[in-house]
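There are 4 protein chains.
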Amino acid sequence: MFDHLFTTDRMRAILSDSARIQGMLDFEAALARAEARAGMMSEEIAETIAAHCHADRFAVAPLAEATVTAGNPAIPLIAALTERVAADDAEAARYVHWGATSQDAMDTGLVLQLRDALDALEADLTRLADACARLAERTANLTMAGRTWLQQALPITFGVKAAGWLSAVNRHRERLRQMRPRVLTVQLGGAVGTLAAFGSNGLVVAEALADDLGLALPDVPWHAHRDRLVEVATTLGALVGTLGKMARDISLLAQTEVGEAFEPAEPGKGASSTMPQKRNPVGAAVALAAAVRVPGLVATMLAAMPQEHERGLGGWQAEWETLPEIVRLAAGALWQMAEVAEGLELDAARMRANLDITKGVICAEAVAMALVPMLGKTTAHQVVEDACRQALARDVTLRAALVDIPQVTEILSADTLDRLCDPRNATGLADQLIQRALARRVE
Amino acid sequence: MFDHLFTTDRMRAILSDSARIQGMLDFEAALARAEARAGMMSEEIAETIAAHCHADRFAVAPLAEATVTAGNPAIPLIAALTERVAADDAEAARYVHWGATSQDAMDTGLVLQLRDALDALEADLTRLADACARLAERTANLTMAGRTWLQQALPITFGVKAAGWLSAVNRHRERLRQMRPRVLTVQLGGAVGTLAAFGSNGLVVAEALADDLGLALPDVPWHAHRDRLVEVATTLGALVGTLGKMARDISLLAQTEVGEAFEPAEPGKGASSTMPQKRNPVGAAVALAAAVRVPGLVATMLAAMPQEHERGLGGWQAEWETLPEIVRLAAGALWQMAEVAEGLELDAARMRANLDITKGVICAEAVAMALVPMLGKTTAHQVVEDACRQALARDVTLRAALVDIPQVTEILSADTLDRLCDPRNATGLADQLIQRALARRVE
Amino acid sequence: MFDHLFTTDRMRAILSDSARIQGMLDFEAALARAEARAGMMSEEIAETIAAHCHADRFAVAPLAEATVTAGNPAIPLIAALTERVAADDAEAARYVHWGATSQDAMDTGLVLQLRDALDALEADLTRLADACARLAERTANLTMAGRTWLQQALPITFGVKAAGWLSAVNRHRERLRQMRPRVLTVQLGGAVGTLAAFGSNGLVVAEALADDLGLALPDVPWHAHRDRLVEVATTLGALVGTLGKMARDISLLAQTEVGEAFEPAEPGKGASSTMPQKRNPVGAAVALAAAVRVPGLVATMLAAMPQEHERGLGGWQAEWETLPEIVRLAAGALWQMAEVAEGLELDAARMRANLDITKGVICAEAVAMALVPMLGKTTAHQVVEDACRQALARDVTLRAALVDIPQVTEILSADTLDRLCDPRNATGLADQLIQRALARRVE
Amino acid sequence: MFDHLFTTDRMRAILSDSARIQGMLDFEAALARAEARAGMMSEEIAETIAAHCHADRFAVAPLAEATVTAGNPAIPLIAALTERVAADDAEAARYVHWGATSQDAMDTGLVLQLRDALDALEADLTRLADACARLAERTANLTMAGRTWLQQALPITFGVKAAGWLSAVNRHRERLRQMRPRVLTVQLGGAVGTLAAFGSNGLVVAEALADDLGLALPDVPWHAHRDRLVEVATTLGALVGTLGKMARDISLLAQTEVGEAFEPAEPGKGASSTMPQKRNPVGAAVALAAAVRVPGLVATMLAAMPQEHERGLGGWQAEWETLPEIVRLAAGALWQMAEVAEGLELDAARMRANLDITKGVICAEAVAMALVPMLGKTTAHQVVEDACRQALARDVTLRAALVDIPQVTEILSADTLDRLCDPRNATGLADQLIQRALARRVE
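Residue numbers (the numbering used here), protein chains in the order written: chain A, 3 to 445; chain B, 3 to 445; chain C, 3 to 445; chain D, 3 to 445.
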């Protein structure tokens, strides 16, 4: 029921039961071809087997039911495949799944799904990076309040906020690229990972299989070493954390009392059933929900790692639904944030008005810093703190309070005070930081 | 694809999309009737609305798609319901969902599902408790090795092991009972939980609604206070931990090298695709997988708690799939362990043979304890430790090593040594402990 | 370094290394006395042993170092105790720790610490409940914006918000009370939980021990069944979630742009090192940090549950620092929120001003509801939605927009519109809900 | 109390309060020098400040207490430093912490600690990899049972098991290397990350600071983007999972009933307080405990990521103890497994004896595979399954059962059967896989 809300159509297809079955069938077809290349069967037999390896010929429901008894879905799938091949050619049926173990099919099939998933995610990450870059460029001069501990602190620009998002997104792209060769790896080991059933052909078959599927050949099979899959989980986990941070920023900026940024409008989107005036930030909610959920799912993947001996009991099974769930949620959160970043609506007037709430007190640091060379840090801060308190007490601006303090006016001219008390002059090197973030290339 | 393996048919039905929709529709029907009772609409209108509140009339797919825009599934469901009622009676349509908010329908509907789920779980818990009790009674004299740190320590009986399981299961039953009144509570508050749209009728309607649905009326609505649902998560989380402990015990006992206990046999169950001799403990794998997965999901429910103001952003949405997932996994693990406990096969001969592996060293504590009164704890343990070392070095039994030590034979007669070195005499108060566990009643 | 920030002085003492040692020593002293009662040693010997059971006589550092080799701290502690008793009375030394296992001392000692911890927590929970109750009473008429999805929705009162906090706090108090008898339970089983070393005296000793320490006697020992301790973790976990919810509410209300509520002021508290005008909500930060951390720690306790056979390997050890950490963080978060609730500063003027931001649109639901009987739900909402849009577009109040709509003025008089557009009249049954929350008693 | 057990002395020093303080002081000293290089103060002043930046001059306790009010430890530390510098040179005191914010000091200080921690971890990882490599080489011909689902499956060699460990360890080394440049990055941004207080000097100072500390300069400050630190958490989390897998393997092999591998002996190590014959696998327990604990802590780091605006409230604080805890546990688990791998004791005779438990049934796959070319997969497996059943029923070896089956003897000669039924001939390509793992170089 929540599949459309929490993920994308593309990822729903990649992670569907049907795609899971196809992944295993792709393994079986490629295995037959690899074994034919190694001379273990004829090309004809391999093609006969491969011809049946299409997920749409296998109903999900009976496989799901048979999984209860078998303990994994590969066993009934291979049985069903063998049966179909046998109906065609009894001889060929003898060679189905030759020498492999269920987990070889399941793991390799999963890796094939993950390759598609990573392609989809990287495409949306590029979209998001581009959107953040455009935002950063476009809003380099859009001054707003910087906030720490949910309190206004000093002015920033929206551009430097977007540059921070961009920088983090680029790091995630780099991590995904570095991870690919470790993850996109074939699994072939047979019953206990020794390739025992292949005779001396084992590595020849394994190489041909890897080659056929476009995956790397690992040094040793990894049935009970799950760090490759865990790395997908943790890398996407961190990505979702960044998406959650963006969503939190945007949802806070969209508060009625802040009103500085809004998700792109769409008819009916985020409408309330009872409150006609509301527009709920649905994209941020989806990303934040993912950021709440994925940490626990990553913990599950990590907790499942100590798998027993040559194939685990419980740990392996714990991965089956968990890793796809992480991928699914990451895709949904990423898509939502890409949409939001592309269509983000900003309200410069509210940004300016919010900066005035503190009556210039937000520029207190700039004033204090200007006083430090003459008064020293401690005194300078004390003086400005007093001025702040007076401004708030008398309900005047900080500038008005400052001009009544001789210690200040002796040092700072009226013009200097004007300049120091204009938030637009207090955004530091925001501009240069934006340029640095934009200049960074992901290898 | 894994739904049959990881949960029960009954729980699949209770947690289905259709049941989720029915839960919301039950809320809408009961709300209409309650408002009729409060005089807010006629009985006829209420019945017209209620007549449409059947999940089988609403297709899941369009609701799921509309959820993307609406942000929750209640909004499109109520729109669809209103449309159908309107086709019947335009006047009645005006009263659908009168005064309530989406979350009122979603939360109350969920609570109704949870009531069914708790009923199903408690039934299987009773089955499991009964099976453990029978095991404990039946095997009160079945001596086996007690093991700590995966090392044989002292003898126990299988009965006292089963009594430990029983005792834990009974505590979980007690927790579930204490939890029910807190959880089985109606949600009705309207937009911000003040029942503002009901005029002065609010509490009258709320009471009638609770009464109609057989749920308790909470002191205040709980839209952003999720401890009720979290308690379901944590209580089932602890239950799954106990089930995982049972599964770990059984899977360790079922190891080829231990061979003391086995899951009930069933044709094809746990068969290996490549190794004809194997019987994989599928039930234990399911329970252990749940025990690996549920902690992370419970963490998600807890992490989702700090929900903002009167309705959260992200936290609430994070619950939607997580809590049902916990319930689903708990049901599957519980059912598997109930099946296993009911049909557990025990091998007394292997238990006895395993006790002999250590050549009586497993009785070392009993001998040491018998020596303490004369030699003191330190010396007694040292003497016995020496005897153990000699037994292992000379490949003889502990008894044989002991009779060569004058310090020992001066104190302990041959008969006493025989008795002390028979594991069956070293199971302490196992029997009384079993009786205590059996005597405990769950209120 | 962070101990003072993240917990209370009282809890630091309860959870100190010294208290952990004292807990084990209290077990040893009580065990000796219980065994004397059962005739296993003389009263004199028991008193000799008990006389040495004072933590201040045992240095922590050497025990901590010896733990590396022993694998747990009870073994070196008991060795040190035995040595000291021996220096006093060699005979008595033989009876130290008689018949018990390390885990008996560690678990019972921990339970004694938990009893103190629960007492401390319940005292602060009562403080917090009282503070929330006073807040709810005092602010029953203080109207403010209710917010959902971080958007202003309908008006509420601060009182009903505080009533929601109170209601949740009271549920946690109830859970803690129900949990106590399950948790405050002695551990005594000897090596494998069969009380084998006590001869027939086992249960007599166990009962006397439980009696001496004021703990309950469980039906069977629970060395490898950890649900009792897990229940402490999950119950406190849920409590921390509620504290995090309070902290989130308060920190959002304290935002510069909202300014409705503030933590009590204290010189220097939450001062910024660079921004003189800021007052950071330190109490909320501590509670929110706990709400971020505790879920993962609870997951650890749950994940540790499948402990092997009669004593686990890894799972048990995983609890040692984790459970105290949960207690420590819960105490700190609870204390901070009690302090904050007791001294919370509210700004009624800002609440009123914020309600005006939406130019009366926050009362849209009230108007729509008033129109429903004549226009039907769909039309009524459409009309009001149009009015809201116009109000925002023309920058006038909702009321001003409404009076230009004949469909509205035909139904609602000017007086009615005044009433409907006053947020103070739109807080529904907030008052009655507060009374319900205040009336609830925790048994 | 558990610090010695759960981590190393070296890591205790790196993560001590004193080292945390020194990290912040190193930042302050380097900042002063960088600002002097940029002409913001004289070299003399910078050296005066730097001269006071030694942790041993600052007591931890008062800083810890002052943290309660300040909300972070940098504020009181900088105050204390300023005071000390002032006592020396009032002028210089004005320049302490010039332009920086507390988080600049805390984050950079933490990164400096992490650099030391990564160095220490990589050294032990190299030790572990070397030990695994030696094990793999040394035991390339040591045949043992391969086990899946905790059941004996086919024979493997210990060498190929060690090669699997080695391969995983090498992947973790690669991940750590790729991570370093992202993590070892200076933090300098001032109040809201814009370097506002540095005038136009900001990036010059930042570069000089990075250069002085030997850290990289990030494109933008990362106060509220925590993916760098999260990557440390997740990367170590996955490493700990692998260590837990090794520990699980070893502890299962060390079971009394298996007896194939043992942790290195050390006087008193893992001794039981009541059972003289036991040797508890303490190293495995420490690693498994870490593998249970770290997933939850990693989840905390991920959950803390959505930090608000320019500095978070609650999320940042949640990291302070959590990340060091992960590092601490990883170091302890790694050290234990390095020790265990270096000194692992293996029992070839028990391995051989355990292979015989199944009476040759463990070679069933080899026989079945040999029959497939003539009988087809289905029939071949059926025939061998029957033989297995008969062997178990008649309590004879599989070979003895096979020679009574004409279908078998027609195809396989007595010599062939001998060869097929010798587990040493059924380890497949274990040897080549070992060579592949040994050949792999970590870049």
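From the three backbone atoms N, C-alpha and C, an ideal C-beta is built for every residue, glycine too.
| query | Does H174 (chain B) get closer than 9 Å to chain C when you measure Cβ to Cβ? | reply | yes
| query | When you compare only the Cα positions, how much space is there between L156 (chain A) and G192 (chain D)? | reply | 10 Å
| Hey, which unbroken runs of the alpha helix (DSSP H) at 4 residues or more fall wholly within the region 313–398 of chain A? | 317–345, 350–358, 366–396
| By the 10 Å Cβ neighbour count, where 16 or more other Cβ atoms means buried, how is M376 (chain D) classified, buried or exposed? | exposed
| Three-state secondary structure (DSSP) at T258 (chain B)? | coil
| field | Contact set between K271 (chain C) and chain D, taken where Cβ atoms lie within less than 9 Å | value | V70, T71, A72, G73
| field | chain F residues whose Cβ lies nearer than 9 Å to that of P308 (chain C) | value | Absence of chain F from the displayed structure is noted, the protein chains being A, B, C and D.
| request: Taking L404 (chain B) as part of the beta strand (DSSP E), name the residues at either end of that continuous run. | output: First-last for L404 (chain B): 400–404, but that is the alpha helix (DSSP H), not the beta strand (DSSP E).
| For G261 (chain C) versus L255 (chain C), is the C-beta distance shorter than 9 Å? | yes
| Cα-Cα, which of D:G298, D:A320, D:A61 is closest to L79 (chain D)? | D:A61
| field | Three-way DSSP call (helix, strand, coil) for Q189 (chain C) in this model | value | coil
| Rounded to the nearest angstrom, how far is the Cβ of A439 (chain A) from that of A138 (chain A), given a contact under 8 Å? | 6 Å
| field | Euclidean distance between Cα positions of F264 (chain A) and G272 (chain A) | value | 12 Å
| message | Please report whether the beta-carbon of F200 (chain D) lies at a distance below 9 Å from any beta-carbon of chain C. | response | no
| Exposure of G314 (chain A), with buried meaning 16 or more beta-carbon neighbours within 10 Å | buried
| field | Residues of the region 312–328 of chain C with Cβ closer than 7 Å to any Cβ of chain D, in chain order | value | L315, G316, G317, Q319, A320, W322, E323, T324
| said: Between the alpha carbons of A212 (chain C) and T50 (chain C), how many angstroms are there, rounded? | reply: 20 Å
| query | Using 8 Å as the threshold, is the region 87–99 of chain D in touch with the region 185–199 of chain D, meaning 3 or more CB pairs across them? | reply | no
| query | Does the beta carbon of R59 (chain C) come closer than 9 Å to any beta carbon on chain D? | reply | no
| query | Who does R149 (chain C) pair with in a DSSP beta bridge? | reply | C:Q154
| query | In whole angstroms, what separates the C-alpha of D28 (chain B) from that of R12 (chain B)? | reply | 19 Å
| message | Give me, in chain order, the residues of the same chain whose beta-carbon lies closer than 6 Å to that of L238 (chain B); leave out the 5 immediate sequence neighbours on both sides. | response | I328, A332
| field | Extent of the continuous alpha helix (DSSP H) to which R12 (chain D) belongs | value | 11–16
| On the three-state DSSP scale, how would you describe T159 (chain D)? | strand
| Any residues in the region 32–56 of chain D with a beta carbon nearer than 8 Å to a beta carbon of chain A? Which ones, in chain order? | none
| query | What are the partner residues of A218 (chain A), as DSSP defines its beta bridges? | reply | A:T187
| said: Please identify the residue among B:E310, B:A293, B:V284, B:N282 whose C-alpha is closest to the C-alpha of L290 (chain C). | reply: B:E310
| said: Could you check whether A131 (chain B) and L178 (chain B) sit closer than 9 Å to each other, using their CB atoms as the reference points? | reply: no
| Is it right to say E45 (chain B) is buried, meaning 16 or more other beta carbons lie within 10 angstroms of its own, or is it exposed? | exposed
| Opening and closing residue of the alpha helix (DSSP H) in which E124 (chain C) lies | 104–140
| message | Per the DSSP calculation, A263 (chain D) is bridged to which residue(s)? | response | D:L348
| said: Looking at V342 (chain A): is its Cβ nearer than 9 Å to the Cβ of A249 (chain A)? | reply: yes
| task | Tell me whether A428 (chain C) is buried or exposed, calling it buried when 16 or more other Cβ atoms sit within 10 Å of its Cβ. | result | buried
| field | For E176 (chain B), three-class secondary structure by DSSP | value | helix
| message | Quick check on Q257 (chain C) - is its C-beta less than 9 Å from some C-beta in chain A? | response | yes
| request: Evaluate W56 (chain C) with the Cβ neighbour count: other Cβ atoms within 10 Å of its Cβ, from every protein chain shown; 16 or more gives buried, anything less gives exposed. | output: The amino acid occupying residue 56 (chain C) in the given sequence is His; Trp does not appear at that position. Under this definition H56 (chain C) is an exposed residue.
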